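These notes concern the structure reproduced below.
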Amino acid sequence: MQYYIVKGGNKLEGEVFSSGSKNASLPILAASILNEGKTYLKNVPNIHDTEIMYQIMELLGVKIYQEEEYIVIDSTNIYTYEIPDNLMRQMRSSVILAGAIIGRCKKAKFSYPGGCDIGVRPIDLHLSAFKKMGINILEEDGVITCDAEKIIGNTITLDFPSVGATENIILAATLSEGTTYIKNAAMEPEIVDLQNFINKMGGNVVGAGTKEIKISGVNNLETARYEIMPDRIEIGTLLCATAITKGNVTVKNVMIEHLIPLIYKLEEIGCEIELKDKRIHLKVKDRLNACNIKTMPYPGFPTDMQPIIASVLGISKGTSIIIENIFENRFKYLAELKRMGAKVTIEGKTAIIKGIRKYNATSVEATDLRGGAALLIAGLNASGTTEISNIKYILRGYENIDEKLNTLGANINIREGE
Ligand code: EPZ
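Here the sequence shown is numbered in the numbering used here, starting from 2 and rising by one per residue.
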């Protein structure tokens, strides 16, 4: 097991670049197998989740290699349509490959993606959409087998604006016959990135970023070069790390329009923020104030930022109320934050946080990706040494986050241990 050893108490100062978006890279990597040829991707983050994606794609027959600043995906040959169970279990979001494999092979076989640390994570919306597109679904002993003579465009209204379901429908519809309309679609920026990439390969998707998306099936795609959008959640994490240390930092390579709800909240609690071109400058002079948070589908406050801003609110003046509307089990990290002194009570999907002056340095355990990041930034605030175990969760979704924070003045080391 690996641990972060965090010597806290330093202000973060300076400039840092964000990496490419994990949550845009995964569906775009999946989309690349729709093209029977090569695609060139830039700014794919080097994290555990993209590593797993590469492993699955190579097992399908895809060749993946680096060429200068590009990751080259050669999906000329696909030899199988089955996602191996062990890799499915390692990364539940590999279900995003299903739509692409079905789109390419008209068949797919994969096991039910396990629930994970933040909730059951069902895929009923994905499967009911596939059925409406003429895809036969067989569910037996936890294995899902899909096959279709041909995939037919249809109108699909999502009960909930699910990001993954919206992406999987786009992937399955890109090479289909006819036109597919998604109503009540998720509007996250990562879906706009997926649309832009598919269209660059010669696909025909319009409306991503709105509640209605139209996908007109095409016969085939062609090679394309594409740069992945910046990771808005990593950027939000760097901003919150700055806020929790009363620092003064500029984050570069930012698409500001992706961060509006977070920026408003950080300003509401007293952060001084300057927005210029593709950079955000944040500094904090006095003790921050409390605020209330309600997580919502985009463009509301992102659920992925809930644990991270909760760490900041844990040392802000006053009482904050957080309502988690997206996932049913996304407060697990709070038990660990309480070990660091946080004053928290949980009532169903509501967490009530009474701000303390400073966290206590102690040993804590990461419970999931964003919960782990919440503990990491709390360790930056605590005076003394905080040891965080199970950091494999954090390494899944953040590229060199320790190095980035250390360039800003943090003192984080990785320790190997049992
Ligand atoms: C994506 O997960 C992200 N993951 C999540 O980021 C993010 O939190 C989430 O969208 C919401 O923004 C990736 O993009 C890889 P959903 P996804 O389908 O697609 C329910 C991170 O930390 N639902 O929008 O799984 C579901 O249970 C991760 O980077 C169904 O009921 O999210 C949940 O309550 C965590 N049936 C809600 O919808 C379905 O068929 C939102 O899920 C699908 C989803």
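Every residue gets a Cβ at the ideal spot worked out from N, C-alpha and C, and that includes glycine. Small disclaimer: the values here were computed from a predicted structure and weren't measured.
Residue i: CB within 7 Å of a non-hydrogen atom of the ligand EPZ
i	result
S94	yes
A166	yes
E325	no
F328	yes
E400	no
L263	no
T24	Looking at the sequence shown, residue 24 is not Thr but Asn. Result yes, Cβ under 7 Å from the ligand EPZ.
P190	no
T351	no
V121	yes
H127	yes
P303	yes
L88	no
I234	yes
L370	yes
I124	yes
A187	yes
S364	no
L27	yes
F161	yes
Assumed close pair residue i, residue j - CB separation to whole angstroms, cut-off 8 Å
i	j	result
A291	G356	6 Å
L88	S94	The Cβ separation is near 11 Å, so there is no contact.
Y399	I29	About 19 Å; that fails the 8 Å criterion.
I392	Y4	6 Å
I229	L42	6 Å
Under the three-state DSSP convention, the category residue i falls into
i	result
D148	strand
Y265	helix
V63	coil
F131	helix
N36	coil
D287	coil
E168	helix
S177	coil
A187	coil
L409	coil
N87	helix
E258	helix
R226	strand
F198	helix
G9	strand
R331	coil
Y394	helix
A31	helix
T238	helix
T243	helix
S321	strand
E52	helix
According to DSSP, residues forming a beta bridge with residue i
i	result
A109	C147
S384	N361
H282	T251 and E275
K43	Y71 and E228
Y182	T156 and K215
CB contact below 8 Å: residue i versus chain D
i	result
E366	Judged by its chain identifiers, the structure shown contains no chain D, having just a single protein chain.
beta-carbon residue i near the ligand NAP non-hydrogen atom, thresh 7 Å
i	result
L42	Looking at this structure, you won't find the ligand NAP anywhere; what it does contain is the ligand EPZ.
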